[in-house]
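With our numbering as the guide, the letters of the sequence shown map in order to residues 245 to 453.
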Amino acid sequence: DIYLPDMDGFEITRRIRASVNQRIAEIPIIGLTAATEHEVNEKAIATGMNDMVLKPFKPLILVEKMARFAPEPYQKELKNETKDVLKDQKWREIQMKKLVDMDSLKEIAGDDLELFVQTIIFSLEALRTNYLEGFYKKNSEQIQLARHNLYPTLRNFGMEKLETLIEAHKQFQQSFPQEAYKEPGEAMVLEIIETCKEIVQYLEEQVKE
245 DIYLPDMDGF
255 EITRRIRASV
265 NQRIAEIPII
275 GLTAATEHEV
285 NEKAIATGMN
295 DMVLKPFKPL
305 ILVEKMARFA
315 PEPYQKELKN
325 ETKDVLKDQK
335 WREIQMKKLV
345 DMDSLKEIAG
355 DDLELFVQTI
365 IFSLEALRTN
375 YLEGFYKKNS
385 EQIQLARHNL
395 YPTLRNFGME
405 KLETLIEAHK
415 QFQQSFPQEA
425 YKEPGEAMVL
435 EIIETCKEIV
445 QYLEEQVKE
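Shown next as structure tokens:
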């Protein structure tokens, strides 16, 4: 912790880096602070810290940073553990989200509910097509554009489950770019596609009622 009483993190880092024991002197150090000032981060790195974590933080963020500096034999294990935690944690949250906020949709649509629903379905079908195509072609720009185009629809009509899934996949892509197009990433994409289908089916049922 950078601002510990008596001896702060800067001084502790200096002493570690000055150790005559090379193993101790080269140990990775991750600073922990609530300060966001650029000068604090610069001082931490200049003092010899390898990276910084801002408080309050999610344990997953710290584990991810630790994985970068862990000895080679442990890096794969830590990264796999982080991926599993990220995936499981997000997916548990997702099950509690709703597909569509029909009250908001009906309020915005007024007498044009069927037209609005058809427009939303068209947008969801476009997302499914572009997301799948982008994934199997390993085209991150196509996936990013598909996400960007749907964000207004997700937020205006309370599609919490789909938005959470898409954000979880985005975070996974950014955190683990080498794994983004392998099995864990594919599972996330297929879940997004399946949720799009659920929303389309739900909307079609609502229009029929």
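C-beta atoms are modelled at their ideal positions from N, C-alpha and C, and glycine is treated no differently.
Mind reading off the beta-carbon distance from Thr439 to Leu409? Whole number of angstroms is fine, and I expect it under 8 Å. For the purposes of this step, residue 439 is taken as residue 195 along the sequence shown, with counting starting at 1. For the purposes of this step, residue 409 is taken as residue 165 along the sequence shown, with counting starting at 1. Going by Cβ atoms, the distance from Thr439 to Leu409 rounds to 6 Å, so yes, they are a contact pair.
Do the region 363-371 and the region 384-403 make contact, defined as three or more Cβ pairs closer than 8 Å? The answer is yes - the region 384-403 touches the region 363-371, with three or more Cβ pairs under 8 Å.
Have a look at Asp295 and Asn374 and give me their C-alpha separation to the nearest angstrom. Locating residue 295 in the sequence shown gives position 51, where the first residue counts as 1. Locating residue 374 in the sequence shown gives position 130, where the first residue counts as 1. C-alpha separation (whole angstroms): 36 Å.
Which partner residues does Met296 have in the DSSP bridge list? In the sequence shown, the residue the question calls residue 296 occupies position 52. DSSP output for Met296 lists Gly275 as bridge partner(s).
Helix, strand or coil at Leu306 [DSSP, three-state]: For the purposes of this step, residue 306 is taken as the residue at position 62 of the sequence shown. Three-state result, Leu306: helix.
Inter-residue spacing [alpha-carbon to alpha-carbon] between Gly292 and Arg261: Taking the sequence shown and counting its residues from 1, one reaches residue 292 at position 48. Taking the sequence shown and counting its residues from 1, one reaches residue 261 at position 17. One C-alpha to the other measures close to 7 Å.
Straight-line Cα distance separating Thr257 from Ala311: By one-based count along the sequence shown, residue 311 stands at place 67. By one-based count along the sequence shown, residue 257 stands at place 13. Those two C-alpha atoms are separated by around 20 Å.
For Thr397 and chain B, any beta-carbon pair shorter than 7 Å? Given the protein chain composition of this structure (a single chain), no chain B is represented.
Compute the beta-carbon to beta-carbon distance between Ile443 and Leu406, rounded to the nearest angstrom, for a pair I have assumed lies under 8 Å. As a working mapping, residue 443 is identified with position 199 in the sequence shown. As a working mapping, residue 406 is identified with position 162 in the sequence shown. Between Leu406 and Ile443 the Cβ distance is about 6 Å, and since that is below 8 Å, they are a contact.
Pick from Asp347, Val284, Ile271 and Glu286: whose alpha carbon is nearest that of Pro315? Sequence index remark: in the sequence shown, residue 315 carries index 71 (1-based). Comparing Cα-Cα distances from Pro315 to each of Asp347, Val284, Ile271 and Glu286, the minimum goes to Ile271.
Classification of Glu308 by the beta-carbon crowding that lies within 10 angstroms, buried from 16 upward: Here residue 308 corresponds to residue number 64 of the sequence shown, with the count starting at 1. Buried: at least 16 other Cβ atoms inside 10 Å.
Quick check: the Cα distance between Ile274 and Ile365, rounded to an integer number of angstroms? For the purposes of this step, residue 274 is taken as the residue at position 30 of the sequence shown. For the purposes of this step, residue 365 is taken as the residue at position 121 of the sequence shown. Distance between the alpha carbons of Ile274 and Ile365: 47 Å.
Under 7 Å between C-beta atoms of Val451 and Val361: Within the sequence shown, numbered from 1, the residue matching residue 451 stands at position 207. Within the sequence shown, numbered from 1, the residue matching residue 361 stands at position 117. Yes. Within cutoff.
If you draw a straight line from the C-alpha of Gly354 to the C-alpha of Glu430, how long is it? Along the sequence shown, one-based indexing puts residue 354 at 110. Along the sequence shown, one-based indexing puts residue 430 at 186. Whole-angstrom Cα-Cα distance: 38 Å.
Among Phe416, Leu447, Gln422 and Glu286, nearest to Met432 - alpha-carbon criterion: One-based indexing of the sequence shown puts residue 432 at position 188. For the residues Phe416, Leu447, Gln422 and Glu286, the minimum Cα distance to Met432 belongs to Phe416.
When you compare the CB positions of Lys299 and Ala278, do they come within less than 7 Å of one another, or not? Against the sequence shown, residue 299 aligns to sequence position 55. Against the sequence shown, residue 278 aligns to sequence position 34. Yes. Within cutoff.
Candidates Ile246, Asn400, Val297 and Ile387: which alpha carbon is nearest Asp347's? On the sequence shown, position 103 is the one that residue 347 refers to. Asn400 is the residue among Ile246, Asn400, Val297 and Ile387 whose C-alpha sits nearest the C-alpha of Asp347.
When the distance is taken between beta carbons, is Lys342 closer than 7 Å to Glu404? Translated into the one-based positions of the sequence shown, residue 404 becomes position 160. Translated into the one-based positions of the sequence shown, residue 342 becomes position 98. In this structure, Lys342 lies closer than 7 Å to Glu404 by Cβ.
Let me know if Ala424 comes out buried or exposed under the rule of 16 or more other beta-carbons within 10 Å of its beta-carbon. Mapped onto the sequence shown, residue 424 falls at position 180. So Ala424 ends up on the buried side.
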